[in-house]
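Enquirer: Residue numbers (our numbering): 546 to 701. Glycine included, C-beta positions come from ideal geometry on N, C-alpha and C.
1. Got a sec? Which residues, its chain only, sit under 6 angstroms from residue 580 by beta carbon, not counting five neighbours each side?
2. Measuring alpha carbon to alpha carbon, tell me which residue in 633, 635, 628 and 608 is nearest residue 649.
3. So, is the C-beta of residue 627 closer than 7 angstroms to a C-beta in chain B?
4. State the start and end residues of the unbroken alpha helix (DSSP H) segment that holds residue 605.
5. Does the distance from the CB of residue 612 to the CB of residue 558 come in under 7 angstroms?
6. When you compare only the Cα positions, how much space is there between residue 610 and residue 562?
7. At 3 residues or longer, what runs of the beta strand (DSSP E) sit wholly inside the stretch 623-659?
8. Could you tell me the alpha carbon to alpha carbon distance between residue 589 and residue 598, rounded to whole angstroms?
9. When the distance is taken between beta carbons, is residue 623 closer than 7 angstroms to residue 647?
10. Residues in the same chain with beta-carbon distance under 8 angstroms from residue 628, minus the five sequence neighbours each way, listed in chain order, please.
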């Protein structure tokens, strides 16, 4: 049986990444990303729905991401979903689902450098265009056209 655990989001950081270290010295960064969706309701009124995603980044990637992104900036996150649970002081069971980041691309405003990508298996800068659904689909299909992307045209 085949299964897939993949999360891909583009949104804005709601707070600066906070880096901590485990007891064995492993860095881990936590932050939240907000994604927006606009739609028309049954009455034809424009509505906006915001989702908040908890993001976790481990290892060297945690230290790197904390240096390059700040609250309010747009970011592309790619990773997997992980749900953890714990017992609350009142005896109830609590759950939290997080995105464990494997790759990210800071999406900076027009005029600022944005052609870099970081990955959990690479700690160096690698030039790439800003990811859009068209570019992602092209890479999946094997087409690799590096056309210029205007971040102002992205609708969120």
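Expert: Reading it off the structure:
1. 554, 556 and 596
2. 608
3. No chain B appears in this structure, which consists of one protein chain only.
4. 605-613
5. no
6. 7 angstroms
7. 638-652
8. 28 angstroms
9. yes
10. 640, 641, 642 and 643
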